[in-house]
Amino acid sequence: MEVTPIIQRSNKIRLLLKISQNTPGIALVQGGSEHLSIDKQEIMTEVTIHDGETLMLGGIFQQKQQQHAAKIPFLSSLPLLGILFSHKRDQHSRHELVIFITPKLI
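Numbering (this note's numbering), first residue to last: 3 to 108.
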(Lines of atoms letter the chains of each structure in order from A and count residues from 1; the text may use other names and numbers.)
(Lines give C-alpha, C1' and ligand atoms only; values in the text may rest on other atoms or scores of the structure.)
Protein backbone atom coordinates (compact mmCIF):
# COMPACT_ATOMS: atom_id res chain seq x y z
CA MET A 1 0.00 0.00 0.00
CA GLU A 2 1.25 3.45 -0.91
CA VAL A 3 -0.16 6.57 0.76
CA THR A 4 0.72 10.12 -0.27
CA PRO A 5 -0.75 12.71 2.14
CA ILE A 6 -1.33 16.30 1.07
CA ILE A 7 -2.16 18.74 3.89
CA GLN A 8 -4.86 21.25 3.01
CA ARG A 9 -6.59 24.11 4.80
CA SER A 10 -9.06 23.66 7.67
CA ASN A 11 -7.33 20.54 9.07
CA LYS A 12 -8.16 18.52 5.98
CA ILE A 13 -5.85 15.90 4.51
CA ARG A 14 -6.01 14.69 0.92
CA LEU A 15 -4.78 11.10 0.56
CA LEU A 16 -3.61 9.57 -2.69
CA LEU A 17 -3.91 5.81 -2.17
CA LYS A 18 -2.57 2.90 -4.18
CA ILE A 19 -3.60 -0.46 -2.73
CA SER A 20 -2.58 -3.80 -4.17
CA GLN A 21 -3.12 -7.42 -3.23
CA ASN A 22 -0.91 -10.16 -4.64
CA THR A 23 -1.79 -13.85 -4.54
CA PRO A 24 -0.02 -16.91 -5.93
CA GLY A 25 -1.32 -17.87 -9.34
CA ILE A 26 -0.81 -20.92 -11.50
CA ALA A 27 2.51 -22.67 -12.03
CA LEU A 28 4.06 -22.07 -15.45
CA VAL A 29 6.57 -24.49 -16.96
CA GLN A 30 9.06 -22.93 -19.35
CA GLY A 31 12.32 -24.39 -20.58
CA GLY A 32 12.23 -27.24 -18.08
CA SER A 33 11.85 -24.98 -15.05
CA GLU A 34 8.72 -24.13 -13.14
CA HIS A 35 7.73 -20.55 -12.30
CA LEU A 36 4.84 -19.40 -10.16
CA SER A 37 2.71 -16.61 -11.60
CA ILE A 38 1.37 -13.87 -9.36
CA ASP A 39 -2.17 -12.54 -9.63
CA LYS A 40 -2.25 -8.84 -8.77
CA GLN A 41 -5.27 -6.67 -8.02
CA GLU A 42 -4.73 -2.96 -7.66
CA ILE A 43 -6.89 0.07 -6.99
CA MET A 44 -5.98 3.74 -6.91
CA THR A 45 -8.16 6.36 -5.29
CA GLU A 46 -8.04 9.86 -3.87
CA VAL A 47 -9.98 11.03 -0.82
CA THR A 48 -10.12 14.14 1.37
CA ILE A 49 -10.92 13.75 5.08
CA HIS A 50 -10.54 15.77 8.27
CA ASP A 51 -7.63 15.29 10.66
CA GLY A 52 -8.32 12.32 12.97
CA GLU A 53 -11.24 10.90 10.97
CA THR A 54 -11.19 7.22 10.06
CA LEU A 55 -11.52 6.13 6.46
CA MET A 56 -12.71 2.63 5.56
CA LEU A 57 -11.82 1.22 2.15
CA GLY A 58 -13.04 -2.03 0.65
CA GLY A 59 -13.58 -3.48 -2.76
CA ILE A 60 -10.68 -5.84 -3.39
CA PHE A 61 -12.19 -9.31 -3.46
CA GLN A 62 -10.49 -12.68 -3.67
CA GLN A 63 -12.36 -15.77 -4.76
CA LYS A 64 -11.03 -19.30 -4.44
CA GLN A 65 -12.29 -22.56 -5.82
CA GLN A 66 -10.64 -25.73 -4.62
CA GLN A 67 -11.26 -29.41 -5.16
CA HIS A 68 -10.42 -31.86 -2.42
CA ALA A 69 -10.25 -35.61 -2.92
CA ALA A 70 -10.04 -38.23 -0.19
CA LYS A 71 -9.64 -41.90 -0.92
CA ILE A 72 -8.62 -45.15 0.69
CA PRO A 73 -5.52 -46.59 -0.99
CA PHE A 74 -6.04 -49.72 -3.08
CA LEU A 75 -9.80 -49.93 -2.36
CA SER A 76 -10.50 -46.68 -4.22
CA SER A 77 -8.83 -48.05 -7.37
CA LEU A 78 -11.09 -51.12 -7.62
CA PRO A 79 -13.27 -51.11 -10.74
CA LEU A 80 -16.93 -50.30 -10.01
CA LEU A 81 -16.46 -50.45 -6.21
CA GLY A 82 -13.71 -47.81 -6.01
CA ILE A 83 -16.23 -44.96 -5.99
CA LEU A 84 -17.53 -46.23 -2.63
CA PHE A 85 -14.08 -45.68 -1.08
CA SER A 86 -13.42 -42.16 -2.37
CA HIS A 87 -14.90 -38.73 -1.86
CA LYS A 88 -14.58 -35.48 -3.84
CA ARG A 89 -15.54 -32.09 -2.45
CA ASP A 90 -15.63 -28.63 -4.03
CA GLN A 91 -14.94 -25.63 -1.81
CA HIS A 92 -15.74 -22.05 -2.76
CA SER A 93 -14.72 -19.04 -0.67
CA ARG A 94 -14.80 -15.28 -1.12
CA HIS A 95 -12.80 -12.76 0.93
CA GLU A 96 -12.74 -8.97 0.90
CA LEU A 97 -9.76 -6.82 1.85
CA VAL A 98 -10.92 -3.97 4.12
CA ILE A 99 -8.50 -1.23 5.21
CA PHE A 100 -8.98 1.41 7.92
CA ILE A 101 -6.86 4.58 7.78
CA THR A 102 -6.81 7.35 10.41
CA PRO A 103 -4.43 10.19 9.46
CA LYS A 104 -3.32 12.61 12.19
CA LEU A 105 -1.49 15.90 11.87
CA ILE A 106 1.45 16.25 14.24
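C-beta: ideal position from N, C-alpha, C; glycine also.
Legend entry - Coarse secondary structure for residue 54, derived from DSSP in three states: coil
Legend entry - Three-state secondary structure assigned by DSSP to residue 63: strand
Inset, instruction - Using the Cα positions of residue 101 and residue 50, report the straight-line distance between them to the nearest angstrom. - result: 16 Å
Inset, instruction - Let me know if residue 8 comes out buried or exposed under the rule of 16 or more other beta-carbons within 10 Å of its beta-carbon. - result: exposed
Inset, instruction - Note down the Cα distance separating residue 53 from residue 16, rounded to an integer number of angstroms. - result: 10 Å
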